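Just below is one structure, and these are the notes that go with it.
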Amino acid sequence: MNRKIILASSSPRRIEMMKRHGFDPLVRPSEIDETLPEGICAKDAVMFLALKKALEAERLAKEEHLEGSLIIAADTVVYKDGILGKPADRKDAFEMLSKIRNTGHQVATGVAMLAAGENIRTVFCDITNVFCKDFTDEELNAYLDTPEPYDKAGAYAIQGIFGKYIDRYEGSFNTVVGFPWEIIEPKLRSMLRR
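Sequential numbering from 8 applies to the sequence shown in my numbering.
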């Protein structure tokens, strides 16, 4: 079956990663309520949100008569003494980045993949441990003067300006970016053959 691929995200990083690996997805961001159930852990939170995005994209795909399309949705959070999503404002970003300064934290990315209108579905999570260097409030404020932190989980992009403050990571770099390609690709190719 020649399936279309729908990426339920407008993330330039996710789009670029798919295109770099030879896939040209239809980009259909899912607008969902991202309110999480009380007390949910980071791993379950990202899988819950990724699946919610995928199911919304499936609903939209059916309206566009794109049944059978493969839908990929993802969600990423940073975890340090609680879930750190995207910052609400500069103060929130400052607090998040202060929490991870000179210490370790986890980045969890959940991915949901399904075939629209079919009983083919997989949902998984990958977690990477990330360790930050120390940085001054002055350096932190200079970073907050850039547009980078405001649409990123945990208020930073490992592949961007903030990368210089990352000491090391244990796990997948792509999980921190928000799209663990080394896990996604084999699952995607398997689903395309079904």
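Every residue, glycine too, gets a C-beta built ideally from N, C-alpha and C.
All values reported here derive from a predicted model rather than from experimental measurement.
What do you reckon, are the CB atoms on residue i and residue j nearer than 9 Å?
i      : j      : result
Ile206 : Met54  : Any property of residue 206 remains undetermined from this structure, which presents the chain solely from 8 to 201.
Val137 : Ala57  : no
Ile127 : Arg201 : yes
Lys69  : Ala123 : yes
Leu147 : Arg108 : yes
Arg97  : Leu33  : no
Ile173 : Glu155 : no
Asp31  : Lys60  : no
Ser179 : Thr135 : yes
Met24  : Val184 : yes
Can you give me the C-alpha to C-alpha distance between residue i and residue j, rounded to a whole angstrom?
i      : j      : result
Glu177 : Met103 : 20 Å
Ala115 : Asn9   : 32 Å
Gly161 : Ile90  : 8 Å
Ala15  : Glu45  : 25 Å
Glu38  : Glu125 : 22 Å
Asn181 : Leu199 : 22 Å
Glu189 : Lys11  : 20 Å
Cys132 : Lys50  : 6 Å
Pro36  : Ile47  : 24 Å
Asp99  : Glu192 : 34 Å
Ile40  : Ile22  : Reading off the sequence shown, one finds Asp at residue 40, where the question assumed Ile. The alpha-carbon atoms of Asp40 and Ile22 are separated by roughly 22 Å.
Ile13  : Leu73  : 9 Å
Ala95  : Tyr157 : 8 Å
Gly75  : Gly29  : 20 Å
Lys93  : Leu77  : 27 Å
Val118 : Leu43  : 16 Å
Thr153 : Glu63  : 32 Å
Name the DSSP beta bridge partners of residue i, please?
i      : result
Cys132 : Gly117
Leu14  : Val34 and Ile79
His112 : Val137
Ala122 : Leu77
Measure how close the beta-carbons of residue i and residue j come, nearest whole angstrom, since I'm counting them as under 8 Å.
i      : j     : result
His112 : Lys87 : 4 Å
Val85  : Ala52 : No, Val85 and Ala52 are not in contact; Cβ-Cβ is about 11 Å, not under 8 Å.
Phe186 : Arg27 : The Cβ separation is near 11 Å, so there is no contact.
Entirely enclosed alpha helix (DSSP H) segments - the stretch 73-107, minimum 4 residues: 97-107
Complete alpha helix (DSSP H) runs within the stretch 139-177 (minimum length 4 residues, chain order): 144-151
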